[in-house]
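Novice: Structure provided below as structure tokens; questions to follow.
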Amino acid sequence: MQDQIDQYSAEINAFSPANADELETFRIKFLGTKGIIKDLFEQFKTVGPEEKRTFGKVLNQFKQLAESKYNELKEAAGSEPATQNIQFDLTLPGDGFNLGSRHPLSLVRNEIVDIFKRLGFVVAEGPEIEDDWHNFSALNFPEEHPARDMQDTFFIKKNNGKDDIALRTHTSSVQVRMMENGKPPFRAIMPGRVYRNEAISARAHCFFHQVEGLYVDENVSFADLKQTLYHFVQELYGEGTKVRFRPSYFPFTEPSAEMDVSCTICKGTGCNMCKYSGWVEILGCGMVDPNVLENCGIDSKVYTGFAFGMGMERIANLKYVIRDLRLFSENDVRFLKQFQTEII
Ligand code: PHE
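Residue numbers (the numbering used here): 1100 to 1443.
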């Protein structure tokens, strides 16, 4: 019996549990109701009175040893955090996180706004749901005039039997609102979303984005229009980009023109972006028709102005060579993540 107790004592002294389960196994083995100590006390009952004196002491010491070892280990485990047994490898690198990127149309919009801001233009905005007056009539579109068909409008409400409320087809409506509500001089650009009733394909969409511009003051001439747009193109596409103006027609400008730039992809030598002509059209422009100024309460004998409008998708196509308009609104991350990430 003495030998056995010595052996158990050595085991207890050497015991060092790796986790709470091992400690519990230890408790059951030595201190449990069917454990070793209980068993030794059972055996103790059967020894003679002489041995009882010596063994009684030895057995009590052994019991104390097991109990104090257990209590000590239990206390040590209790003061450790609960995660003690979860294995962490603190040398592993942390999880990375992805930075978002700006939408190509936002990049183009910001660039255009920056260029015109440096020329003293402010940014103006207006509603996307417009009435006939602001989208058409004030802009010199006569009623029942075929020019209204140019715009393929989504009408949403009739007024006195006449189509009146529509999704705006261009941001020229913001020019009207600005002139009606203020006094010249005006120098502003109007970025925003516009809607046209077109079948969706690679080359057309039922909505797109425009930036229009308006400059009204005394003595504003076509030369100012040309120089402003020439400067804009040099800033946007780089020094040496050529421009040309072709006569055109818009109800709200007279004279009207369309402006082409030398193809930014092939530099004018001919490619399929410019259909081998070396030129691509980027905007419409002209001198604000005096009727429009009068419709907005501005004296056309004192003031003149120019206006222009461009599609942001077209500008982005030329910059990033995007051949399908639908990509702009599909939100495919494989497309979106190719654009510049801005780290703030
Ligand atoms: N509003 C015209 C369009 O949507 C663009 C334009 C604006 C043309 C200003 C001339 C002057 O096509």
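Ideal Cβ placement from N, Cα and C applies to all residues, glycine included. Keep in mind the model is a prediction, meaning the values are calculated, not measured.
1. Output needed for I1104: all residues of its chain with C-beta closer than 8 Å, excluding positions within five of it in sequence on either side, in chain order.
2. Considering only the beta carbon of each residue, do L1426 and F1434 sit closer than 8 Å?
3. Where does I1211 land, buried or exposed, given buried means 16+ other C-beta within 10 angstroms?
4. Going by DSSP, what residue range makes up the alpha helix (DSSP H) through R1433?
5. Could you check whether the Cβ of F1235 sits closer than 8 Å to any Cβ belonging to chain B?
6. Helix, strand or coil for N1170 per DSSP?
7. Use the C-beta contact count for E1412: other C-beta atoms within 10 angstroms, 16 or more gives buried, fewer gives exposed.
8. Among all the DSSP beta bridges, which residues are the ones paired with K1261?
9. I want to check one thing, is the minimum distance from the CB of C1384 to the heavy atoms of the ligand PHE below 7 Å?
10. Which residues share a DSSP beta bridge with P1389?
11. Determine the direct distance from the alpha carbon of G1383 to that of P1354, and round the result to whole angstroms.
12. Measure the Cβ-Cβ separation of E1358 and L1328 and say whether it is below 8 Å.
13. Once the 5 residues before and after G1367 are set aside, which same chain residues still bring their CB inside 6 Å of it?
14. Please report the Cβ distance between E1311 and F1220, rounded to the nearest whole angstrom; I am assuming they are in contact, meaning their Cβ atoms lie under 8 Å.
15. From the DSSP output, read off the bridge partner residues of G1408.
16. Which residue spans inside the region 1306 to 1352 form an unbroken alpha helix (DSSP H) run of at least 4?
17. Exposed or buried, what is S1272 when buried is set at 16 or more other beta-carbons lying within 10 Å of its beta-carbon?
Specialist: According to the structure data:
1. As a first step, residue 1104 is located in the sequence shown; it is residue number 5 there, counting from the start. The answer, listed in chain order, is L1139, V1157, L1158 and F1161.
2. Reading the sequence shown from its first residue, position 327 is the one you call residue 1426. Reading the sequence shown from its first residue, position 335 is the one you call residue 1434. Contact flag set, yes.
3. To locate residue 1211, count along the sequence shown from 1; it is residue 112. Looking at its Cβ environment, which holds 16 or more other Cβ atoms inside 10 Å, I1211 is buried.
4. Within the sequence shown, residue 1433 is the residue found at index 334, counting from 1. Segment V1432 to L1435, the alpha helix (DSSP H) holding R1433.
5. As a matter of chain content, chain B is missing from the structure shown, which is built from one protein chain.
6. For the purposes of this step, residue 1170 is taken as residue 71 along the sequence shown, with counting starting at 1. Here N1170 sits in helix by DSSP.
7. Position 313 of the sequence shown, counted from the first residue, corresponds to residue 1412. When all chains shown are included, E1412 counts as buried.
8. Mapped onto the sequence shown, residue 1261 falls at position 162. Beta-bridge pairing by DSSP links K1261 to N1258.
9. Here residue 1384 is taken as the residue at index 285 of the sequence shown, counted from 1. It does: the Cβ of C1384 is within 7 Å (strictly closer) of some heavy atom of the ligand PHE.
10. The residue you call residue 1389 lines up with position 290 of the sequence shown. None, per the DSSP bridge assignment.
11. On the sequence shown, residue 1354 is found 255 positions in, with the first residue counted as 1. On the sequence shown, residue 1383 is found 284 positions in, with the first residue counted as 1. Rounded to the nearest whole angstrom, the C-alpha separation of P1354 and G1383 is 11 Å.
12. The count along the sequence shown starts at 1 and reaches residue 1358 at position 259. The count along the sequence shown starts at 1 and reaches residue 1328 at position 229. Contrary to the premise, residue 1358 reads as Met rather than Glu in this sequence. With contacts defined as CB atoms closer than 8 Å, M1358 and L1328 qualify as a contacting pair.
13. Here residue 1367 corresponds to residue number 268 of the sequence shown, with the count starting at 1. Excluding sequence neighbours, G1367 sits near S1361 and G1377.
14. Numbered from 1 along the sequence shown, position 212 holds the residue referred to as residue 1311. Numbered from 1 along the sequence shown, position 121 holds the residue referred to as residue 1220. A Cβ-Cβ separation of about 11 Å leaves E1311 out of contact with F1220 under the 8 Å criterion.
15. Within the sequence shown, the letter at position 309 stands for residue 1408. Partner(s): E1311 and G1383.
16. You should have 1321 to 1336.
17. Here residue 1272 refers to the residue found at position 173 when the sequence shown is read from its first residue. With 16 or more other Cβ atoms within 10 Å, it is buried.
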